[in-house]
Amino acid sequence: MRFTTLAAPLAAAMLLGACGSTAPTSPAEVGELRPGSGYLKGYLPAAELPDSLALLPAPPAEGSAALASDGATFRALTALQGTPRGALAVQDANLKFPKAAEVFSCALGLPISEQATPNLNMLLRRTLADAGSATYKAKNNYNRTRPFVAFKTGSCTPAEEASLAKDGSYPSGHSAVGWAWALVLTELAPERADALLQRGRAFSQSRAICGVHWQSDIENGRLIGAATVAKLHTNPVFQAQMAGARSEIAKARAAGAVPAQDCSAEAKALTASALIAP
């Protein structure tokens, strides 16, 4: 009984706090992680990010069956480079906005942009920082060699290879970001849940196709993405931005808005690789 009597006032107080919070939609107001980087600050202070080092096991050990499986997946999925699915993987590598806003447009069935859906666009930009940053305790601790370096092959983004080779592979930051995006969008548009989650999974698998992450990097990156979204739900600014984004989605659907890109081509590329993707 005591819990019941306390729960209602507490829930009401949290709701009022979220409603009273502002959710800026201006990049200038939010600010960048590093000046000139183009990446905006997240919602969570560093101390509130999930602890990836505490949450994740160590990456597969040398000579283990798990590492052998990682190698087999690398060989299978990098074979898709040069195909339409490989081309989509190259597009998925780009986390810079406004281009990155297109990743989930087809799955959502709506265009996403700073002009048309400012709250939704800001949600993606800021959760990118939170989910990506949350991977770095484990990344920096393990400093795992990336597969394209280990196998002395190329990747699907040659211009990024020098910087990627210096950045730990485990867990995958892209995978954490993509899965966090998929979970957030699924909450906003539950009627599109299957398509959104499938696109989130494909987004993370693009990193294996590109040869820049092991499969175990990707799977554990998704875990950190999910942990980040759980933490974000305690943040009142995030909650307020979610409310704004939900309203934008409803208005866009009512207006008959549709994605600008070729969604049939994306669907074909994803379907063609479905049978071999782990």
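With mature numbering (1 follows the signal peptide of the UniProt record, and there is no 0) applied, the sequence shown corresponds to residues -23 to -1, 1 to 255, in that order. Just so you know, even glycine gets a beta-carbon here, dropped at the ideal spot from N, CA and C.
Are ARG121 and GLY155 close, meaning C-beta to C-beta below 8 angstroms? Reading the sequence shown from its first residue, position 144 is the one you call residue 121. Reading the sequence shown from its first residue, position 178 is the one you call residue 155. No, the pair does not count as a contact, with Cβ atoms beyond the cut-off.
Would you verify that the beta carbon of ALA229 is, or is not, closer than 8 angstroms to some beta carbon of chain B? Note that chain B does not occur in the displayed structure, where there is just one protein chain.
Nearest-angstrom Cα distance between SER3 and GLY48? Stepping through the sequence shown from its first residue, residue 3 is reached at position 26. Stepping through the sequence shown from its first residue, residue 48 is reached at position 71. Taking the straight line joining both Cα atoms gives about 43 angstroms.
VAL67, enclosing alpha helix (DSSP H) - first and last residue: The residue given as residue 67 occupies position 90 in the sequence shown. Element bounds for VAL67: 61 to 69.
Output the residue ranges of the alpha helix (DSSP H) runs that lie fully inside the stretch 128 to 214 and measure 4 residues or longer, sorted by chain position. 138 to 142, 150 to 165, 170 to 186 and 192 to 209
Pull up the DSSP beta-bridge partners for GLU9, would you. Counting from one through the sequence shown, the residue named residue 9 turns up at place 32. Per DSSP, LEU17.
Where PRO236 and LEU165 are concerned, what is the direct C-alpha to C-alpha distance, given to the nearest angstrom? Against the sequence shown, residue 236 aligns to sequence position 259. Against the sequence shown, residue 165 aligns to sequence position 188. Computed Cα separation, rounded: 17 angstroms.
By the three-class DSSP mapping on this structure, what secondary structure does PHE81 have? Counting from 1 along the sequence shown, the entry for residue 81 is found at position 104. DSSP, read as helix, strand or coil, puts PHE81 in coil.
With three or more beta-carbon pairs closer than 8 angstroms as the criterion, would you say the stretch 77 to 91 touches the stretch 172 to 184? yes
Helix, strand or coil: how does DSSP classify GLY48 here? Mapped onto the sequence shown, residue 48 falls at position 71. GLY48 falls in the helix class under three-state DSSP.
May I ask you to verify whether the stretch 191 to 203 touches the stretch 90 to 100, counting CB pairs closer than 8 angstroms and requiring at least 3? no
Only counting the same chain, and skipping five residues up and downstream in sequence, which positions put a Cβ closer than 6 angstroms to that of PRO95? Your numbering for residue 95 matches position 118 in the sequence shown. The residues are THR2.
Please list, in chain order, all residues of the same chain as ASN118 whose beta carbon is under 7 angstroms from its beta carbon, the five residues on each side excluded. Residue 118 sits at position 141 when you count from the first residue of the sequence shown. Here the set comprises LEU30.
Nearest-angstrom Cα separation, counted from THR163 out to ARG169: Residue numbering aside, residue 169 sits at position 192 when the sequence shown is read from its first letter. Residue numbering aside, residue 163 sits at position 186 when the sequence shown is read from its first letter. Roughly 7 angstroms separates the two Cα atoms.
Have a look at PRO124 and ALA246 and give me their C-alpha separation to the nearest angstrom. If you number the sequence shown from 1, residue 124 lands on position 147. If you number the sequence shown from 1, residue 246 lands on position 269. Computed Cα separation, rounded: 24 angstroms.
Use the C-beta contact count for HIS151: other C-beta atoms within 10 angstroms, 16 or more gives buried, fewer gives exposed. Here residue 151 is taken as the residue at index 174 of the sequence shown, counted from 1. Its Cβ being crowded by 16 or more others within 10 Å, HIS151 is buried.
With the cut-off set at 8 angstroms, would you say ILE201 and THR55 are in Cβ contact? Position 224 of the sequence shown, counting from 1, holds the residue named residue 201. Position 78 of the sequence shown, counting from 1, holds the residue named residue 55. Contact flag unset, no.
Measure how close the beta-carbons of TYR16 and GLU9 come, nearest whole angstrom, since I'm counting them as under 8 angstroms. Your numbering for residue 16 matches position 39 in the sequence shown. Your numbering for residue 9 matches position 32 in the sequence shown. Between GLU9 and TYR16 the Cβ distance is about 6 angstroms, and since that is below 8 angstroms, they are a contact.
Are there three or more Cβ pairs, one per stretch, closer than 8 angstroms when the stretch 61 to 79 is compared with the stretch 217 to 224? no
What do you reckon, are the CB atoms on SER149 and ARG184 nearer than 8 angstroms? Against the sequence shown, residue 149 aligns to sequence position 172. Against the sequence shown, residue 184 aligns to sequence position 207. Yes, the pair counts as a contact, with Cβ atoms nearer than the cut-off.
Can you give the Cα-Cα distance for PRO88 and ALA234, rounded to whole angstroms? Indexing the sequence shown from 1 puts residue 88 at position 111. Indexing the sequence shown from 1 puts residue 234 at position 257. Taking the straight line joining both Cα atoms gives about 7 angstroms.
For ARG102, report the span of its alpha helix (DSSP H) as first-last. Taking the sequence shown and counting its residues from 1, the one referred to as residue 102 is at position 125. Per DSSP, ARG102 belongs to the alpha helix (DSSP H) from 95 to 111.
If you drop the 5 nearest sequence neighbours on each side, which residues of the same chain put their C-beta closer than 7 angstroms to that of PRO75? Taking the sequence shown and counting its residues from 1, one reaches residue 75 at position 98. For PRO75, where only same-chain residues beyond five positions count, the Cβ hits under 7 angstroms are SER90 and GLU91.
Label THR130 either buried or exposed according to how many other C-beta atoms from any shown protein chain fall within 10 Å of its C-beta, with 16 as the threshold for buried. Reading the sequence shown from its first residue, position 153 is the one you call residue 130. Exposed, because fewer than 16 other Cβ atoms sit within 10 Å of the Cβ of THR130.
What residue from ALA24, ALA45 and SER132 has the CA that sits closest to SER110's CA? To locate residue 110, count along the sequence shown from 1; it is residue 133. Out of ALA24, ALA45 and SER132, ALA24 has the C-alpha closest to the C-alpha of SER110.
Would you check if the distance between the CB atom of TYR147 and the CB atom of ALA115 is smaller than 8 angstroms? Translated into positions along the sequence shown, residue 147 becomes position 170. Translated into positions along the sequence shown, residue 115 becomes position 138. It is a contact, given that the beta carbons lie within the stated cut-off.
Would you tell me roughly how many angstroms separate the C-alpha atoms of PRO27 and GLY19, rounded to the nearest one? Position 50 of the sequence shown, counting from 1, holds the residue named residue 27. Position 42 of the sequence shown, counting from 1, holds the residue named residue 19. Distance between the alpha carbons of PRO27 and GLY19: 13 angstroms.
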